[in-house]
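Numbering (this note's numbering), first residue to last: 372 to 622.
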């Protein structure tokens, strides 16, 4: 599908292992945007804007270091040290849009695709509730799904230490969306998180339907993070001191 933008109606699941088992699910929706066609995206729906206030909006600044505005330029520099040349690749960014100007997206995914739509690389952009950001580079060979391991570099939850490792499994974003993350510590599973979605055409009708399906999504996500943190703490989970963010924003 060569659309400049699509919608994914999603369900997110988190399951924690360790001293006790804790699991929750919630509805979300995300947009998948071709970063080279944002001017086109800006004209599709009266309810969605790029870099402007609207009911729903995408802002480049939410996915870039302070003071930068060139998505492809940043990605090119970020991936060059890993031997990835994104020059001829199609790049699409999966993210939650801002709602009435409010935005918080725990995980955004940059998909770097070859001419046949095969997934050659990806960047998992992680945000925590302290306003910090870190990007994990995933390298693939074009086969599906893309699987990549990564040492944990970035603080997300006060109930998880900084050590350990992630295992990412990404399906190419087609009719169905599949993002799966395993986190292990000392080779023992500690967390599984997934985002699964169904593709919808990017239209005013579908955007409004998702706003009804997931009212005030940004507030729901932020409130949900703190609510489940309270429940986990109440059950006796150990708190870990927040470390400083890594010096390099990309690993």
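Beta carbons: idealized from backbone N, C-alpha and C, even for Gly.
The residue among 407, 441, 506 and 414 with its C-alpha nearest the C-alpha of residue 453 is 506. Residue 450 places its beta carbon 9 angstroms or farther from that of residue 515.
By the Cβ criterion, the region 424-434 is not in contact with the region 379-389, since fewer than three pairs of Cβ atoms, one from each stretch, lie closer than 8 angstroms. Looking at the backbone, the Cα of residue 556 and that of residue 508 are separated by about 20 angstroms. Between the C-alpha atoms of residue 458 and residue 485 there is a straight-line separation of about 10 angstroms. The region 409-426 makes no contact with the region 604-620: fewer than 3 CB pairs, one atom from each, lie closer than 8 angstroms. A straight-line Cα-Cα distance of about 13 angstroms links residue 544 and residue 513. Taking 4 residues as the minimum length, the alpha helix (DSSP H) runs contained wholly in the region 385-461 are 409-412 and 442-450, in order along the chain.
When C-alpha distances from residue 476 are compared across 570, 590 and 532, the shortest belongs to 590.
In this chain, residue 618 is not harboured by any alpha helix (DSSP H), its DSSP state being neither H nor E.
If you ignore the 5 residues before and after residue 473, its C-beta comes within less than 6 angstroms of the C-beta of 589, all in its own chain and listed in chain order. CA-to-CA, the gap between residue 534 and residue 581 works out to about 37 angstroms. The beta carbons of residue 504 and residue 620 sit about 6 angstroms from each other, so the pair counts as a contact at 8 angstroms. The beta carbon of residue 409 sits closer than 7 angstroms to the beta carbons of 421 from its chain, once the five residues preceding and following it are set aside; these are given in chain order. DSSP places residue 536 in the strand class (E or B) of the three-state scheme.
Rounded to whole angstroms, the Cβ separation of residue 405 and residue 376 is 7 angstroms, and the two are in contact under 8 angstroms. By the CB criterion at 9 angstroms, residue 553 and residue 540 fall inside the cutoff. Rounded to whole angstroms, the gap between the alpha carbons of residue 622 and residue 511 is 15 angstroms. Apart from sequence neighbours up to five positions away, the residues of its chain that approach residue 579 with a beta-carbon distance below 7 angstroms are 418, ordered along the chain.
Secondary structure at residue 527: coil, using DSSP grouped into helix, strand and coil. The beta carbon of residue 518 sits closer than 6 angstroms to the beta carbons of 540 from its chain, once the five residues preceding and following it are set aside; these are given in chain order. Distance from the CA atom of residue 613 to the CA atom of residue 562, rounded to whole angstroms, is 18 angstroms. Non-local beta-carbon contacts of residue 599 in its own chain, meaning distances under 7 angstroms to residues more than five positions away in sequence, involve 395 in chain order. DSSP, read as helix, strand or coil, puts residue 608 in coil. Excluding sequence positions up to five before and after residue 596, its CB lies within less than 7 angstroms of the CB of 500, all in the same chain and listed in chain order. The distance from the Cβ of residue 527 to that of residue 497 is about 6 angstroms, consistent with a contact at the 8 angstroms cut-off. Of the residues assessed, residue 547 falls on the exposed side of the cut-off, its CB having fewer than 16 other CB atoms within 10 angstroms.
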